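See below for the structure under consideration.
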Amino acid sequence: MTIFAGLALGVVIGAVLGALGGGGAVLTVPALVYLLGQPAGEATTSSLFIVGLTSIVGVLSHARSGNVRWRTGLAFGAAGTAAALLGSIVNQHVDPDLLLLVFAAFMALAATGMLLNSRARSDGESVPEESPVVAGPAGPTAVTTRAPTLATVKVVLIGTAVGFLTGLLGVGGGFIIVPALVLAIGLPMPAAVGTSLLIIVINSAASLAARVGTAHFDWALLVPFTLAAMVGTLAGKRVADRLPAAVSTRAFAVLILAVAAYTVGNTVLHPH
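Now the structure itself:
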C-alpha cells in the first residue's frame, strides 16, 4: 500500500515541479510525514533526494525549449551552496515539532507570495523595459542596464536565503526563486521556471552532501516515489504549456495553505 501511495504522490509532486518550477517539496515533506509515516527529520532528507533528482528531469525538459538560463542559475545556486550546508547541520539539532511548525510558516509565506505574484501577472504587470533579455554564449541572459550591481547583490542574498531553507527544511525554494528571477533579474516567466529547477538541483545536491554520513534512506519508498515524480514532471511541463499560469498557481496556493493549516493543527494537537 505504501508503494502505491508513493507512486501516486510522486506523480502529483513531479507534475507540480514541472509545471511551476517549484512547490514539489512543499507537498513532499508533509506527504512523507503524515501519509507515509516518516519522521520529520528523515522526511526532509528524503525530500531533497526526490526533488533534486526530479528537478534534473525538469531541467532537461525545459532546456530543450530554451528556457534555462545556465549562467544565472549556476550563479544563484553557487550563492546558496554554503548556506545549504549550514542549514543541513542546523536541521540535525532542531526539535521535530519545531521543524514542522517552521515548515508550515514557510508554506504559508510561499502560498501568499504565489497569490500576490499571480495577481500581479493577471493585472498586466510585466518585466520592465529597462531589464531586457539579451543573447549570450550560454543562451539569453537577463541584464538590468540600470543597476547590474544591485541585481547581483539580490542574487547573492536571495540565493543564500534559499540555500539555507533548502538545507534546513528539505525544500527547493522554487516559489521564492521564481518570483526573484522574474522581478529582481528580469527573466521572463518560462525561463524563470526552467532556471529555478537548475537552482533546486544545485541546492538539493549541496544539502544531501552534508547529510550523507548521518542520513537514513528508505530505498524501497524513495526509488518508486522518485521515478513516479520524474514521469510526473514531464506531464507537468505539458500542462504548463496549455493552462494559464495564474489559474494553476492560485489553485496550488490554496492547496498549500490547507496543508499548512493541517500541519500546524496536527503538530499542536499531536506533538511527537
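Heads up: the sequence shown begins at 14 in our numbering, then just goes up one per residue. Idealized CB from N, CA, C, for every residue including glycine. Please read all numbers here as calculations on a predicted model, not as lab measurements.
In the three-state DSSP reduction, His75 falls in the helix class (H, G or I). DSSP, read as helix, strand or coil, puts Pro201 in coil.
The continuous stretches of alpha helix (DSSP H) do not include Ala44, and DSSP gives it neither H nor E. Rounded to the nearest angstrom, the gap between the Cα atoms of Ala97 and Val175 is 8 Å. In the structure shown, the three-state DSSP call for Pro237 is helix.
Here DSSP, grouped into helix, strand and coil, assigns Ala228 to coil. For the pair Gly31 and Thr179, the CB atoms are not nearer than the 8 Å cut-off. By the CB criterion at 8 Å, Ser220 and Leu61 fall inside the cutoff.
In the three-state scheme derived from DSSP, where H, G and I count as helix and E and B as strand, Leu128 is classed as helix. Excluding five sequence positions before and after Phe119, the CB atoms of its chain that fall closer than 8 Å to its own CB belong to Val39, Leu178, Leu182, Val184, given in chain order. Take the alpha-carbon of Ala222 and the one of Thr94: they are about 10 Å apart. If you check the CB distance, Ala92 and Ala248 do not come in under 8 Å. Around the C-beta of Arg132, fewer than 16 other C-beta atoms lie within 10 Å, and the residue is accordingly described as exposed.
Annotated as proximal: Ile212 and Ile190, with beta-carbon spacing under 8 Å. For Arg84, the enclosing alpha helix (DSSP H) starts and ends at 83-104. Of the candidates Trp232, Val168, Lys250, Val168 places its Cα closest to the Cα of Gly86. The three-state reading of DSSP puts Val260 in helix, counting H, G and I together. With 16 or more other Cβ atoms inside 10 Å of its own Cβ, Ala117 counts as buried. Approximately 13 Å separates the beta-carbon atoms of Ala205 and Ile171; this is outside 8 Å, ruling out the contact. About 7 Å separates the CB atoms of Thr227 and Gln105; that is less than 8 Å, so the two are in contact. C-alpha of Gly126 to C-alpha of Val214: approximately 22 Å in a straight line.
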